[in-house]
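Read through the structure below, which is laid out as structure tokens, and then see the notes.
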Amino acid sequence: MIALFCLVGSFLTVLSFSTVTVAEEAQCMCRYCETAAQLAARRAAFGVELEDDGPHYAPVRMVDVQHIKLDITPDFKARTIGGTTTIHFVPLRKPLEVLTLDAVDLNITSVKGSTPVSEFENSGKNVTIAFDEPIEVGKESWVAIEHNCEPKGGFYFRTPEMGYPAEDMHCWTQGESHYARQWFPCFDYPNEKSTTEVICHVPSDMTVISNGKKLGESVDLDTQLKTVHWLQDKPHVNYLICVVAGYFDKLEDSAGDIPLGFYSQPSISEHAANSFRDTASIMKFYQKEIGMAYPWHKYDQVTLWDFIAGGMENTSITTLTINTIFSKDTENIKQSRRLDAHELAHQWFGDYVTCEDWSHLWLNEGFATYYTHLYEGEKFGRDALLYGLYTDATGRVLPGGNNDKRPIVWKRYTNAGDQFDYRAYPKGSWVLHMLRSQLGEDLYREAVKNYLEEHALTTVTTPELQAAFEEASGRTFDRFFDQWVYHARHPDVKIRYRYDPKLSVAKFTVEQTHKVDDDVMLFAFPATFAMKCGDETILHTEEIEDTKHEFYVSVPSKPEMVQFDPEYTLLANVDFDKSQEMWLGELENAEYGVGRILAIEALAKKKTNKGMEAIQKALESDPFFGVRVQAAKALGKMGSDEALAALNAASEQEDARVRQAVADAIVGFYRPENLEDILAVAAAEKNPAIVDSWISGLSKYSDDSVAEYLRASLTKESFRNQIAEAAVETMSRSGSSQFVPDLVEQLENHADAYTPRGLGKVLRALAKLSDGDEAKLQALQQIAPSLNDGRPDVQKAAIAALGDLKLEEARPILQSYADATNDDELSKAAKNAIAQLTKDDNAQPRELIELRKQMQELEKSNKSLAEKLEDLEKKLEATKSEQ
């Protein structure tokens, strides 16, 4: 699914490109990211609150849904949708007297059926249809339900009345996890597959895209409505049904016989080719790697205004955030390749074969994440593959899993969105990488191909995948899946090495130091060591199963390099205490970039001149860009004048990704004497993404020259106003109220230049920087009109900004939104903002604040006096004892 996203969707979900590294960008562009705010957004976007905390299982199917036909008409002015849903089904196991379908807040006007309907009941959550007589098992039947609604989720409009460009007007659907039920009645769970059909009526100049193949289109001369007919003739799950309609520009390509369509908003379509340039190459690689042809009729990708995630892999039509469009000015810093690869992988993993319930979500997301890395390896070499796994492990899986007792397959979630986190995406990817590493590429491919072929167009759980690997390899994987998938966490591995010159042997001690309990197992894994002895490299693999394992390896001479896991095949926290010389040897000799990166990290912690010189050399000359990026980061963390000099000496980098990493590292230092140079370099930089990096470091300086530069940046032209947005963020972090007039001017005269998220940042910055009651009241008047903006991101930001003001006058306004029932998301945002009003001392009476401060000072004074008295008493006792 989404790559947060993306996915992290990524990835949830979409972060500013300026705040994440290139490697992080793809995951955030999918359907998940892991800050608290993004986590909450992910739950809201993809989760449905359940009655309890589990365990949860796929519901029992009373019928087999065979076909769904949707005949719909969206009303762009009223932002409503109406039509008829016809569901063909056969009863299972016993005659069917009553059919129950999910239907949230739908106005249902009539129900008809192949067997006469006696009555129906619409509860607001589902519709229950009673038949005149039971329908016998296996009898092909149908019901046709007329309905309409003003959808609060599942179906979204982007219209001029909401603040979007008229030329871009469109609507779109989002089914995952359980949101189809908010615009048509259905069996809304992934353990049901059927063929589907969409007939959509729109104004004659609009485009309609849906699943499968287009059967035709025609225009009614009386109504001037265009009717477009789509058919998906292979079964897929309900949440993958997709309809997109509106004004789009289209690009076309092909991958063999598969037509590729790329649809984007006319206002930015001139840049669309940048985002889709890899699609054909990705598809060709996947067909070769997976060993199975692309399984659908066509593949379309459509960008959408303010999409709720990075991307969504609907069958044969992926929907994407408009933020995936970028200009060439950013060189190779911005790219949509990973998001493209993630969502395309889902056409096999998630669409062709689908997880049966959300506890097995990793069968969708783990594959999509891992195959994105595989494509990186195909395009740029193995270093790129391993670097993606490294950034996943160190940035997400290891930090996220250290204290998390939830396994990958976990049924006690309260919200489906709880499953869309690091466990399903990067940890699931790592599980597949470890399987591929242990089996070898050929056996792994055989197992995956067999898995897809055996379970084609069905739903699966994890045991089906395990069985495929066991059948292909002839070995059991019970322990592997038990420790990595059904239990939590990962191993903490402590490694100690000693060379015995008398015996010419290397002694190793490998310990697992994590706590073992009912949730976390003692792991079994292969541990491989590479020892370079002159011109010879010795590889030795030891099977680790115990808490502590010691072994010896005979070597021809003293190794100048001893490297653990040289192929990077184990997900673990590794503590390998080696001398500086050994780390220098690894930086010099490790075959893959990830080994050299680990050496850089270790050398940076030692903070020696020799280590810093080695890191500087890597920054200047290592052949892999990822090593150079990490070298720049390491120098930035070292924080010394020498490290800063090393960064400045290597600032002329051809690869924009490395140049940006150097900029990020340099601006991390606080060196007022270098401010003039920073401003000069920032002014000369042409790449807006790197300008963004330079700007972000200026919040530490209060000089007039910085304020002047930030104000000038507000007027600097860049794609989607990236530079101005960076200036707003830096102004906000500066904490200086001097920028309030500049922010007000942006709201009054330049609001249209910002994206909805960018405008939201202006609102939040204004609230944060307004100082004093009078200034806060003026800010409230500036912010409040945005509450009526039709764009969700702007509305939520305006609500949050009122909370940031910590002003009681904002409470009645926020309360009106908190009490409203027409939009749950705005209501939740308003309740959070109200909580902000009383969160800290700023909302309390000044007299109480001052009294509390005095009490705290008095407590400190009393504690100090008590300590002095105790010390004096001890001295007196000592004097008496001496006498």
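Residue numbering for the sequence shown follows our numbering, starting at 7 and increasing by one per position. Every residue gets a Cβ at the ideal spot worked out from N, C-alpha and C, and that includes glycine.
Output the boundary residues of the beta strand (DSSP E) element that contains Q238.
Where Q238 is concerned, the enclosing beta strand (DSSP E) stretches over L231 to V243.
Would you mind listing the beta strand (DSSP E) stretches within the region 295 to 346 that are 3+ residues and don't spill past its ends, in chain order?
Runs found: 305 to 310 and 323 to 327.
Looking at the strands, I want to know which residues DSSP matches up with C248.
According to DSSP, which records beta bridges pairwise, C248 is partnered with nothing at all.
For A512, which beta-bridge partners are listed by DSSP?
Partner(s): Y505 and V559.
Taking the runs of the alpha helix (DSSP H) that are 4 residues or longer, which of them lie wholly in the region 744 to 795?
Fully enclosed alpha helix (DSSP H) runs of 4 or longer: 746 to 755, 762 to 775 and 779 to 789.
Using CA coordinates, which residue listed in A816, P265, R451 and N329 is at the minimum distance from R763?
Residue N329 is the option with its Cα nearest to R763.
For D581, which three-state DSSP category applies?
Note: D581 maps to strand in three-state DSSP.
Would you kindly check if the distance between the Cβ of I205 and the Cβ of V308 is under 8 Å?
Not closer than 8 Å, so no.
Is it a yes or a no for the region 84 to 102 touching the region 184 to 203, going by three-plus beta-carbon pairs under 8 Å?
Segments in contact, yes.
I think K199 touches T400, with their Cβ atoms under 8 Å apart; what is that distance to the nearest whole Å?
That pair is no contact at about 38 Å.
Which whole-angstrom value is the C-beta distance of L257 and A279, which I expect to be below 8 Å?
The pair is a contact, with the Cβ atoms about 6 Å apart (cut-off 8 Å).
Anyone know if the C-beta pair for Y381 and A430 falls short of 8 Å?
Not a contact, by the Cβ cut-off of 8 Å.
Out of A374, N838 and W368, which one is the CA nearest neighbour of L345?
The shortest C-alpha separation from L345 is found at A374.
Quick one: using the 10 Å Cβ neighbour count with 16 as the cut-off for buried, is T325 buried or exposed?
That one is buried.
Below 8 Å between beta carbons: does that hold for S708 and L681?
Not in contact: S708 and L681 (Cβ atoms no closer than 8 Å).
Considering only the beta carbon of each residue, do L246 and T321 sit closer than 8 Å?
The answer is yes: Cβ separation under 8 Å.
Does the region 143 to 153 come within contact of the region 821 to 829, defined as at least 3 CB pairs closer than 8 Å?
The region 143 to 153 vs the region 821 to 829: no contact.
Round the Cβ separation of V568 and M588 to the nearest angstrom and send it over; I've been treating them as touching at under 8 Å.
Between M588 and V568 the Cβ distance is about 6 Å, and since that is below 8 Å, they are a contact.
Please classify I274: does DSSP put it in a helix, a strand, or coil?
Coil.
What's the gap between the Cα of T336 and the Cα of A662?
Using only the alpha carbons, I get a separation of about 8 Å.
Can you list, in chain order, the residues of its chain with a C-beta nearer than 6 Å to that of Q271? Leave out the 5 residues immediately preceding and following it.
Correct list, in chain order: D174.
State the DSSP-derived secondary structure class of K554, mapped to helix, strand or coil.
Three-state DSSP puts K554 in a strand.
Between which residues of its own chain and L98 is the CB-CB distance below 8 Å, once the five residues before and five after are set aside?
Answer for L98: R67, M68, V69, D70 and V143, listed in chain order.
With F373 as the anchor, note down where its alpha helix (DSSP H) starts and where it stops.
Looking at the DSSP string, the run of the alpha helix (DSSP H) that includes F373 is W368 to F386.
I need the DSSP call for I288, collapsed to helix, strand or coil.
DSSP places I288 in helix when its eight states are reduced to three.
Taking 8 Å as the threshold, find out whether the region 425 to 440 comes into contact with the region 360 to 374 through three or more Cβ pairs.
Yes, they touch.
Alpha carbon to alpha carbon, how far is L392 from H546? Give it in angstroms, no decimals.
The alpha-carbon atoms of H546 and L392 are separated by roughly 21 Å.
Once DSSP output is grouped into helix, strand and coil, what is the label at P798?
P798 falls in the helix class under three-state DSSP.
According to DSSP, is T360 helix, strand or coil?
In this structure, T360 counts as strand in the three-state DSSP scheme.
How do the region 458 to 472 and the region 534 to 551 stand: do at least 3 beta-carbon pairs fall below 8 Å, yes or no?
No, the region 458 to 472 is not in contact with the region 534 to 551.
Which residues in the same chain have their Cβ closer than 7 Å to the Cβ of F529, if we skip the five residues on either side of it in sequence?
Once the five neighbours on either side are set aside, the close Cβ partners of F529 are Q489, P497 and Q518.
To the nearest angstrom, how far is the alpha carbon of V526 from that of K433?
Between V526 and K433, the C-alpha separation is close to 15 Å.
Per DSSP, which residues does A136 bridge with? Please list them.
DSSP lists V104 and E125 as partners of A136.
Going by DSSP, name the residue or residues bridged to E152.
Its beta-bridge partners are T90 and S116.
Cα-Cα, which of W364, A473 and L793 is closest to Y195?
If we check each option's Cα against that of Y195, W364 comes out closest.
Please list the segments of the beta strand (DSSP E) lying wholly inside the region 571 to 647, counting only runs of 3 or more residues, in order along the chain.
Those beta strand (DSSP E) runs which fall completely within the region 571 to 647 and span 3+ residues are 579 to 582.
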